[in-house]
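Novice: Structure in structure tokens, see below.
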Amino acid sequence: MENLALPFVGVCLDISSLVLFQVCERSKDLQTCTRLHSYILRRGLIFRFSDNLISAYVRCGGLEKAQELFHVHNSKDVSTWTSLITGCVQVGKSPEALSYFGRMQQAGLCPNSVTFSCALKACGITKVVQTGIEIHEEIARLGLLSTNIKLGNALISMYVKCGALSRAQCVAEELSVWDGISWNALIAGYVEHGRGEEALYCYEQMRQDGFIPDAFTFISLLKACTNMKAMSVGGQLHDEISKQGLLEDNVVLGSALVDMYAKCGAIISAEKVLKELPVRNVVTWNALISGYAECTSSDQAWNCFEDMQKDGVLPNAVTFTSMLKACRSMDALGKGEELHYKMTEHGLPGNDILLGNALVDMYARFGALTKAQQVFEELPRRNVTSWNILINGYIEHGEPDRALECFKQMKQNGLFPSAVTFACVLKACGTLKAIQIGEMIHDEISKQGLLKENVVVGTALIDMYAKCGSLTKATQVLEGLSIRDCVTWTVLVARYAEQGEEVHALDSFEHMLSEGVVPNAVTLGSLLKACASAGAIGKGEEIHEKIVKQGLLENNVALGNALIDMYAKCGFLTRAQRLLMELPMRNVISWTSLMGGLMRQCEGSQIWNCFEQLQHEGLFPDAALFSCMLSACSRLRLVEAAEAHFVDMHMNYGIKPDLMHYTCLVDAFGRVGHLERAALIMAKLPTSDVGAWSSFLGSCRNWGNLNIARWAFEYSIFK
């Protein structure tokens with residue numbers, strides 16, 4: 001009998017021996033397998049060794065060759081079918097595996113436990129639970145579960161992957177024999193589907209039944225603790241892991257422990273665990289770096305990044321993604337550019353779209369839009385998220401027209417906008433008052449049916465129409481939404497209030513309440529603004545009561561300020577003052593709101609008292625407060641005080657005077673007839689303003705000074 005030389009083993013083996021096939025399968029050398037196939041064909045032994053060849057091809061990665069041989073094989077048995085089904089599952093062709101499994105049964109062959117296990121694995125991968133249930137019924141009919149623990153574990157794993165956890169639990173309870181793999185499959189399933197408490201309960205049951213958890217058990221349980229932010233339970237697991245000495249040689253478990261502490265906010269504990277690990281890899285370091293980035297401890301993240309490289313561990317795409325996030329928190333564009341340079345040294349971002357998007361996002365958030373655009377254009381692959389990041393960057397940094405250009409290019413490139421895309425471009429339309437473009441986008445949204453299920457898009461559409469001045473259309477959109485939440489109503493209420501439609505704002509609020517929607521602090525703040533403008537003190541008091549009942553004043557200074565402003569503008573200064581003193585927190589705006597009311601009532605002495613008191617509290621006056629002070633001085637004809645505050649603002653507080661400050665000072669001089677002084681200031685105005693010149697001309701008329709009035713008129717025209 002001829003011999004076949006196998007160079008990779010350096011010996012000659014008689015082809016009559018099955019050892020040759022075993023050697024071929026162990027080597028996983030497809031070329032040698034093909035040579036062996038050719039030899040068998042030449043010797044006319046194909047029918048004798050077909051099953052062996054199919055198995056060898058499968059194990060060597062030659063599934064197509066195995067399938068060709070299978071289809072010409074006339075006497076297929078269970079082993080033949082099982083070899084092919086196994087091969088399909090191994091190379092990610094689970095649907096084909098299930099197809100072969102069905103054809104095998106149609107051929108009247110009864111699968112064995114290996115066949116069933118492979119078919120169940122294919123069901124889990126493809127999430128076809130109904131087929132899995134049918135296989136389960138067949139296994140039960142054959143009585144295989146009572147004697148085959150591996151088959152039981154395969155069933156549990158299949159149900160877990162399909163999300164049928166109750167069925168997985170039932171299988172586990174029916175098993176006459178359990179092992180650690182059974183428990184691990186069940187625990188991992190509960191964790192994977194966000195049911196951490198049940199996973200921890202299984203862990204307790206596992207221990208009570210005398211099973212010792214292994215590294216796989218603890219990895220799943222630590223993930224559960226991470227998801228639930230259950231650090232105390234994670235600490236107990238840490239103690240058990242240490243007792244078993246599992247951290248000595250398991251870097252995956254060590255990484256899971258670091259990740260748990262980091263994501264639970266216990267960064268010091270996470271760092272301590274990392275330093276004590278005998279082996280650290282990139283996953284371990286990434287867990288700590290990500291934790292620092294999430295906690296906005298950007299300096300520590302950067303130190304950790306450097307320590308990682310000193311430890312001989314090279315950063316990967318995940319590392320750089322976390323570090324880019326840390327740069328955003330640090331407000332450090334320079335650090336981000338340094339990271340970008342390091343990434344290129346490592347051949348990144350390459351095809352990693354997540355990292356590429358993170359890099360575009362970093363530049364866009366810093367307002368480096370030219371660089372963001374450049375990185376974006378260099379990405380080998382771009383998805384909807386890539387475009388959304390760039391579009392949002394242009395909007396946030398005052399270039400809504402560029403955002404709309406990007407939107408147009410995105411569609412030309414064949415990408416379908418997402419809900420996030422539409423929300424962004426609608427914001428751009430609102431900023432530009434581009435209602436026609438907004439209406440076209442509205443049509444696209446309607447065609448995709450997004451308004452039926454996406455409240456964010458609906459809210460953005462309402463806001464766009466309202467900003468474009470079409471409040472009627474905004475209201476129609478809201479009424480057509482199937483879901484209306486607090487944010488949706490708040491946008492409409494706020495826009496009505498901003499555009500002086502106080503009655504409509506209050507009506508919308510009543511409609512909101514009638515639908516059972518509970519207002520939030522933003523809603524109530526907008527309503528208070530409407531009440532202040534309309535002088536609706538009664539409605540304002542009702543809102544005040546709601547705020548107190550909800551306990552919103554405890555930690556919301558903006559809402560307190562809105563209340564003070566409402567009472568002050570409605571002329572209830574005593575209540576405004578009392579409320580200010582009762583607030584648990586107050587800032588400069590709180591005092592400015594009160595002082596604005598006092599100014600309108602010409603309560604000069606009280607204004608000065610407020611100014612002194614806020615400084616006594618350690619607060620620094622801002623530009624708005626000085627506008628209020630200067631306006632009060634003007635109304636009270638305290639020209640020297642006005643001049644002193646103007647100088648004080650600039651010299652002692654570093655506030656550069658703006659048009660409002662100059663106008664107030666001009667008005668102060670004009671009221672007392674110091675027109676020459678007022679004219680000198682008018683000549684220095686940073687920008688020309690019709691209101692300022694009209695006020696000055698009014699002062700000239702009041703004092704009968706035609707010469708200065710003529711100069712003012714000519715200067716304002718020809719400046």
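Heads up: the sequence shown runs through residues 1 to 719, numbered per the UniProt record's numbering. For each residue, glycine too, the CB sits at the ideal point set by N, CA and C.
Classify M440: buried if its beta carbon has 16 or more other beta carbons within 10 angstroms, exposed otherwise.
Specialist: exposed
Novice: Do the CB positions of A317 and L348 come within less than 8 Å of each other?
Specialist: yes
Novice: At the level of alpha carbons, what is the spacing between I156 and G210?
Specialist: 20 Å
Novice: Quick check on DSSP: helix, strand or coil for N705?
Specialist: coil
Novice: I'd like to check one pair, W591 with L614: are the Cβ atoms closer than 8 Å?
Specialist: yes
Novice: Using CA coordinates, which residue listed in D361, D331, T321 is at the minimum distance from K342?
Specialist: T321
Novice: Output the boundary residues of the alpha helix (DSSP H) element that contains H397.
Specialist: Unbroken run through H397: none, as it is neither H nor E.
Novice: Can you tell me where the alpha helix (DSSP H) holding L471 begins and where it ends?
Specialist: 471–480
Novice: Restricting to Cα atoms, I'd like to know which of L109, R635, H37, S50 is closest to G596.
Specialist: Closest by alpha carbon: R635.
Novice: If you draw a straight line from the alpha carbon of T115 to that of C202, how long is it in whole angstroms?
Specialist: 29 Å
Novice: Taking its Cβ as the centre, do 16 or more other Cβ atoms sit within 10 Å of I268, making it buried, or is it exposed?
Specialist: exposed
Novice: Got a sec, what are the start and stop residues for the alpha helix (DSSP H) Q208 sits in?
Specialist: Residue range 196–208 is occupied by the alpha helix (DSSP H) that includes Q208.
Novice: What residue does the alpha helix (DSSP H) around N413 start on, and which one ends it?
Specialist: Unbroken run through N413: none, as it is neither H nor E.
Novice: Give, in chain order, every unbroken run of the beta strand (DSSP E) that is at least 3 residues long and sits entirely within the region 309–382.
Specialist: none
Novice: Tell me the DSSP secondary structure of N153 in three-state form.
Specialist: In this structure, DSSP gives N153 a helical state, which the three-state scheme calls helix.
Novice: Have a look at T34, H73, T431, Q31 and flag the residue whose alpha-carbon is nearest the alpha-carbon of R48.
Specialist: It is H73 whose Cα lies nearest to the Cα of R48.
Novice: Within a Cβ cutoff of 8 Å, which residues of the same chain sit near Q130, ignoring the five residues on either side of it in sequence?
Specialist: none
Novice: Roughly how many angstroms lie between the CA atoms of L6 and S50, to the nearest whole one?
Specialist: For L6, the predicted structure reports a pLDDT of 42, less than 50, and the residue's modelled location is therefore unreliable. The matter cannot be settled from this model.
Novice: Alpha helix (DSSP H) containing A530: first to last residue?
Specialist: 521–534
Novice: Rank W302, R280, V279 by C-alpha distance to the C-alpha of S290 and give the top, closest one.
Specialist: Per the Cα distances, W302.
Novice: Please work out which residues of its chain come closer than 8 Å, Cβ to Cβ, to L579, disregarding the five sequence neighbours upstream and downstream, and give them in chain order.
Specialist: G560, L563, I564, Y567
Novice: Per DSSP, what kind of secondary structure is V78 in: helix, strand or coil?
Specialist: DSSP, read as helix, strand or coil, puts V78 in helix.
Novice: Using a 10 Å radius around the Cβ and a threshold of 16 neighbouring Cβ atoms, would you call G10 buried or exposed?
Specialist: Note that G10 scores a pLDDT of 37, beneath 50, so its modelled location is shaky and nothing firm can be said.
Novice: Are A532 and K569 closer than 8 Å when you measure CB to CB?
Specialist: yes
Novice: Drop a sphere of 10 angstroms on the beta-carbon of A644, count the other beta-carbons inside from all chains shown, and report buried for 16 or more, exposed for fewer.
Specialist: exposed
Novice: What's the C-alpha gap between M585 and N555?
Specialist: Using only the alpha carbons, I get a separation of about 7 Å.
Novice: May I have the straight-line CA-CA distance separating E197 from V375, to the nearest angstrom?
Specialist: 44 Å
Novice: Using a Cβ-Cβ cutoff of less than 8 Å, which residues in the same chain neighbour N351 once the five nearest sequence positions on both sides are dropped?
Specialist: P380, R381
Novice: Could you please give the first and the last residue of the uninterrupted alpha helix (DSSP H) stretch that includes N184?
Specialist: From DSSP, the alpha helix (DSSP H) with N184 extends over 180–192.
Novice: Run the proximity test for H645: is its beta-carbon closer than 7 Å to any non-hydrogen atom belonging to the ligand HEM?
Specialist: In the structure on display, the ligand HEM does not appear, and there are no ligands present to speak of.
Novice: Would you check if the distance between the CB atom of V251 and the CB atom of R207 is smaller than 8 Å?
Specialist: Their beta carbons are not under 8 Å apart, which means V251 does not touch R207 by this criterion.
Novice: Based on Cα-Cα distance, which residue from T296, A293, L288, E294 lies nearest to D307?
Specialist: L288
Novice: Is it right to say G254 is buried, meaning 16 or more other beta carbons lie within 10 angstroms of its own, or is it exposed?
Specialist: buried
Novice: Can you find the residues in the same chain that come closer than 6 Å, C-beta to C-beta, to V282, ignoring five residues on each side of it along the sequence?
Specialist: V313, N316
Novice: Terminal residues of the continuous alpha helix (DSSP H) containing T126?
Specialist: 113–126
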